[in-house]
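Enquirer:
Structure (structure tokens):
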């Protein structure tokens, strides 16, 4: 998972673009009033800004492991207090998910997670992921097979049609700003900010300068994780600047962005 976080992807629409934020985070009273705990991985799904508490087990996942994960989810607000920048800042409530990861899953636990419209703890959906590694004898290559056990109730899975392609919320913003810069090749930072002001997104702005994120000190990983930063996602503008587009968009602020994009002449459906 460290080498390939994408293996934590749970579906095609909501739980995609997984980012591993931290490992082995201590939680006071994470296993109840008399026992502290330590979650294995804290991650985030960029498409819908959901934070994930991930519990790793070497063998078969059981209902005892589900109970342990639920204990950690009870203490989840400690994570927001410890790392305030990871929280969702433009929706009323932070979205969470619990994920169990093991080599196999007990039939009783699988039945529980797949019952009805999916298992939830205190309104938080729970998923399981089984991973099995195989070695190809002739080439000595390692293959990992992942199976997802997850049912979810209806969520906002809106896709947006722009230039003959469908995009999720964050990807739509990336493509629109890319296109705007391509149309205005001499545009600088101030003019781009005037076109897409910070308040469209809410807290982080629609974009930021890559070098300013890289200069940030301790804790900057959380902030950088909120931007598209692959080589083909970084946008170059005038003044020899490289900008990165924010990936954190929900139902409220994406509507503000689309309204502004349409004012600028973009056709989005």
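Numbering (my numbering), first residue to last: 62 to 330.
C-beta atoms are modelled at their ideal positions from N, C-alpha and C, and glycine is treated no differently.
These figures come from a predicted structure and were not determined experimentally.
1) Nearest CA to the CA of residue 304: which residue from 237, 186, 107 and 288?
2) Can you check DSSP and say which residues form a bridge with residue 63?
3) By Cβ distance, which residues of its chain are closer than 6 Å to residue 117, with the 5 residues on each side in sequence left out?
4) With DSSP collapsed to three states, give me the class of residue 248.
5) Could you work out which residue in 71, 330, 119 and 204 is closest to residue 107 when comparing CA atoms only?
6) Is residue 190 near residue 205, with beta carbons less than 8 Å apart?
7) Hey, residue 121 and residue 166 are a contact pair by Cβ (cut 8 Å); roughly how many whole angstroms apart?
8) Can you say whether residue 229 is buried or exposed, counting buried as having 16 or more other CB atoms within 10 angstroms of its CB?
9) Alpha carbon to alpha carbon, how far is residue 270 from residue 302?
10) Taking DSSP's pairing of strands, which residues face residue 181 in a bridge?
11) Going by C-alpha to C-alpha distance, which of 192, 111, 112 and 74 sits closest to residue 65?
12) Mind checking who residue 195 pairs with in its DSSP beta bridge?
13) What span of residues does the alpha helix (DSSP H) with residue 322 cover, start to end?
14) Give me whichever residues DSSP pairs with residue 264 in a beta bridge.
15) Rounded to the nearest angstrom, what separates residue 111 and residue 156 at their Cα positions?
16) Please state whether DSSP places residue 68 in a helix, a strand or coil.
17) Tell me which same chain residues have a C-beta within less than 6 Å of the C-beta of residue 227, skipping the five on either side of it?
18) On the criterion of 16 or more Cβ atoms from any shown chain inside 10 Å, does residue 314 qualify as buried, or is it exposed?
19) Can you determine whether any heavy atom of the ligand FAD sits closer than 7 Å to the C-beta of residue 329, and answer yes or no?
20) Given a cut-off of 8 Å on the beta-carbon distance, is the pair residue 211 and residue 238 in contact?
Expert: If we stick to the structure as given:
1) Closest by alpha carbon: 288.
2) When DSSP reads this structure, residue 63 sits in no beta bridge, so it has no partner.
3) Around residue 117: 101 and 162.
4) Under the three-state reduction of DSSP output, residue 248 falls in the coil class, being neither helix nor strand.
5) It is 71.
6) With a cutoff of 8 Å on beta-carbon distance, residue 190 and residue 205 are scored as not near each other.
7) About 7 Å separates the two Cβ atoms, so the contact holds.
8) Buried is the label assigned to residue 229, since at least 16 other Cβ atoms lie within 10 Å of its Cβ.
9) Cα-Cα distance, rounded: 7 Å.
10) DSSP links residue 181 through a beta bridge to 186.
11) Closest option to residue 65, Cα to Cα, is 192.
12) As DSSP reads the structure, residue 195 sits in a beta bridge with 204.
13) For residue 322, the enclosing alpha helix (DSSP H) covers residues 312-324.
14) Answer is none; residue 264 lacks a bridge partner.
15) Cα-Cα distance, rounded: 5 Å.
16) Secondary structure at residue 68: helix, using DSSP grouped into helix, strand and coil.
17) Counting only Cβ-Cβ distances below 6 Å, and skipping sequence neighbours, we find 220.
18) Classification of residue 314: buried, given that the 10 Å Cβ count is 16 or more.
19) The ligand FAD is not part of this structure, which contains no ligands at all.
20) Residue 211 is not a Cβ neighbour of residue 238, given a cutoff of 8 Å.
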